[in-house]
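**Q**
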Amino acid sequence: MRSYDVTVFDGPLALNERPTPEPTGEEVLVKITAAGVCHSDIHICEGFYDLGSGKKLNMGERGVKLPLTMGHEIAGEIVSGGPDAGPVKAGEKVVVFPWIGCGKCAVCARGDENLCLQSRFLGIFRGGGYATHVLVPHKRYCLPIGDMDTSVAAPYACSGLTTYGALKKIGAKIYQKEPIVVIGAGGLGLMCLTLMKAMGAHGAIVVDVNPASRDAAMKAGALAAVDPKAPDAVATIRKMTPDGAGAAAVIDLVGAGATVQLGLDVMARGGRVVVVGLMGGEVTVPTPTIPQRAMTLQGSYVGNLEELKELMAIVAKGGVPRVPLIERPLDEADASLNDLRAGKVVGRIVLKP
Numbered sequence: 003m004r005s006y007d008v009t010v011f012d013g014p015l016a017l018n019e020r021p022t023p024e025p026t027g028e029e030v031l032v033k034i035t036a037a038g039v040c041h042s043d044i045h046i047c048e049g050f051y052d053l054g055s056g057k058k059l060n061m062g063e064r065g066v067k068l069p070l071t072m073g074h075e076i077a078g079e080i081v082s083g084g085p086d087a088g089p090v091k092a093g094e095k096v097v098v099f100p101w102i103g104c105g106k107c108a109v110c111a112r113g114d115e116n117l118c119l120q121s122r123f124l125g126i127f128r129g130g131g132y133a134t135h136v137l138v139p140h141k142r143y144c145l146p147i148g149d150m151d152t153s154v155a156a157p158y159a160c161s162g163l164t165t166y167g168a169l170k171k172i173g174a175k176i177y178q179k180e181p182i183v184v185i186g187a188g189g190l191g192l193m194c195l196t197l198m199k200a201m202g203a204h205g206a207i208v209v210d211v212n213p214a215s216r217d218a219a220m221k222a223g224a225l226a227a228v229d230p231k232a233p234d235a236v237a238t239i240r241k242m243t244p245d246g247a248g249a250a251a252v253i254d255l256v257g258a259g260a261t262v263q264l265g266l267d268v269m270a271r272g273g274r275v276v277v278v279g280l281m282g283g284e285v286t287v288p289t290p291t292i293p294q295r296a297m298t299l300q301g302s303y304v305g306n307l308e309e310l311k312e313l314m315a316i317v318a319k320g321g322v323p324r325v326p327l328i329e330r331p332l333d334e335a336d337a338s339l340n341d342l343r344a345g346k347v348v349g350r351i352v353l354k355p
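Read in order, the letters of the sequence shown are residues 3 to 355 in our numbering.
Below, the structure is given as structure tokens:
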């Protein structure tokens with residue numbers, strides 16, 4: 003098998019060729035035919051998250067070990083199962099759930115493996131999708147996709163699941179009746195807009211610094227697209243909310259200090275800001291304003307296995323518009339990360355081994 007690995011933090015990916023592994027125990031071997039390139043891969047490759055005030059969370063401290071094959075948006079075909087895997091269908095097309103926990107703790111027992119402290123996430127703590135093959139710990143993490151194109155299916159494992167999870171936290175009573183604010187119109191933002199349309203949402207006011215991304219958001223059905231650097235950005239957004247009182251819900255897909263602050267500035271009293279992005283930084287919130295504004299500042303980290311099943315069922319019914327996809331050969335993995343880092347990508351890059 004071939005893979006492109008992080009062998010040193012903040013360095014280029016390196017080609018690694020080795021024998022294709024054989025699944026053991028309950029493992030399933032999947033031949034990868036599509037792997038999405040996510041912005042969080044940039045942070046993993048660089049080796050840290052920015053915590054603000056000059057502080058960093060280093061990947062080594064988080065448990066990431068090198069060499070690492072990144073890539074957590076994975077789709078492909080089942081090759082074989084280990085001796086304890088039970089029946090598997092060789093050749094079946096699947097999307098792989100990558101947010102795998104230890105399977106033994108209380109968090110995993112309640113179904114939230116994505117929040118497990120002893121996680122085995124594919125592409126972060128175990129080998130992932132920037133490769134020709136991947137070992138999946140159990141067949142329950144391989145969700146059949148029928149005749150769906152694997153390039154379309156792969157991004158739902160992170161981009162789709164992450165935005166679906168954020169929308170669920172807001173709730174249909176809000177997003178179906180009022181405009182929400184979505185900060186960021188990259189791969190996640192465009193995915194969010196497509197899911198909102200399929201879930202009967204009222205619509206979104208999208209915020210992004212990139213004119214091309216704002217144009218893409220409008221084409222994807224945004225109610226409006228606002229440049230956050232405009233001096234009247236906050237006033238412009240609030241004017242588009244019911245009675246000008248602010249948005250009942252904001253999804254921040256960037257997660258920088260400035261974007262979280264923007265979310266708080268445009269949020270209505272009693273509103274909710276759901277932070278998804280991992281760009282980094284910090285924000286200061288005066289404590290009296292928390293009860294006075296009855297605000298909720300909530301984090302949302304991808305989603306669990308049941309939520310991915312729910313999402314794939316929605317997609318299978320049809321009516322979910324496709325995000326712009328850029329298919330590239332696996333050999334362009336490093337160049338794709340560089341393009342994403344430079345803000346040159348509108349939509350989602352999918353690597354094809």
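Ideal Cβ positions, reconstructed from N, Cα and C, are used throughout, including at glycine.
Look at the alpha carbon of A356 and the alpha carbon of P21, and state the distance between them as a whole number of angstroms.
**A** Any question about residue 356 goes unanswered here, given that the chain covers just 3 to 355.
**Q** To which residues does DSSP link E29 through a beta bridge?
**A** For E29, no pairing in a beta bridge is given by DSSP.
**Q** Can you look up E213 in the DSSP assignment and give me helix, strand or coil?
**A** It is worth fixing the name first, because residue 213 is Pro in this sequence and not Glu. Looking at P213 - three-state DSSP - the assignment turns out to be helix.
**Q** Hey, would you say V304 sits closer than 8 Å to T164, going by beta carbons?
**A** yes
**Q** Expressed to the nearest angstrom, what Euclidean distance is found between the alpha-carbon atoms of P293 and L53?
**A** 25 Å
**Q** On the CB-based measure, 16 or more other CB atoms within 10 Å of its CB, does L119 come out buried or exposed?
**A** exposed
**Q** Per DSSP, M269 is paired with what?
**A** A249
**Q** How would you write the range of the beta strand (DSSP E) that Y166 sits in, first residue to last?
**A** Per DSSP, Y166 belongs to no beta strand (DSSP E); it is in the alpha helix (DSSP H), S161 to I172.
**Q** Quick one: give me the first and last residue of the alpha helix (DSSP H) that C47 is part of.
**A** Where C47 is concerned, the enclosing alpha helix (DSSP H) stretches over S42 to E48.
**Q** Kindly indicate which residue of G272, D149 and T71 has the alpha-carbon position closest to the one of R4.
**A** Ranked by Cα distance from R4, the first of G272, D149 and T71 is T71.
**Q** Closest to M269 by CA distance: which of V136, I253 and A174 is it?
**A** I253
**Q** Evaluate S55 with the Cβ neighbour count: other Cβ atoms within 10 Å of its Cβ, from every protein chain shown; 16 or more gives buried, anything less gives exposed.
**A** exposed
**Q** Since I believe V276 is in contact with I176 (beta carbons under 8 Å), could you give me their beta-carbon distance rounded to a whole number of angstroms?
**A** About 11 Å; that fails the 8 Å criterion.
**Q** Which of helix, strand or coil does DSSP assign to E79?
**A** strand
**Q** Just list the residues that DSSP pairs L342 with in beta bridges.
**A** Beta-bridge pairing links L342 to no other residue.
**Q** In this structure, does DSSP put T289 in helix, strand or coil?
**A** coil
**Q** Count the other CB atoms within 10 Å of the CB of T26; is the residue buried (16 or more) or exposed (fewer)?
**A** With fewer than 16 other CB atoms across the displayed protein chains lying within 10 angstroms of its CB, T26 is exposed.
**Q** Let me make sure I understand the geometry here. Which of A187, L192 and L255 has the alpha-carbon closest to that of V228?
**A** A187
**Q** Comparing alpha-carbon positions, which option in Q263, M201, A250 and A249 lies nearest P230?
**A** In terms of Cα proximity to P230, the closest of Q263, M201, A250 and A249 is Q263.
**Q** Suppose you measure from the CA of Q371 to the CA of G273; what does that come to, to the nearest Å?
**A** Summary: the structure shown does not reach residue 371, with the chain confined to residues 3 through 355, and so no result is reported for it.
**Q** Under the rule that 16 or more other beta-carbon atoms within 10 Å means buried, what is P157, buried or exposed?
**A** buried
**Q** What is the C-beta distance between G223 and L197, in whole angstroms, given that I count them as a contact (C-beta under 8 Å)?
**A** Not confirmed; about 11 Å, so no contact.
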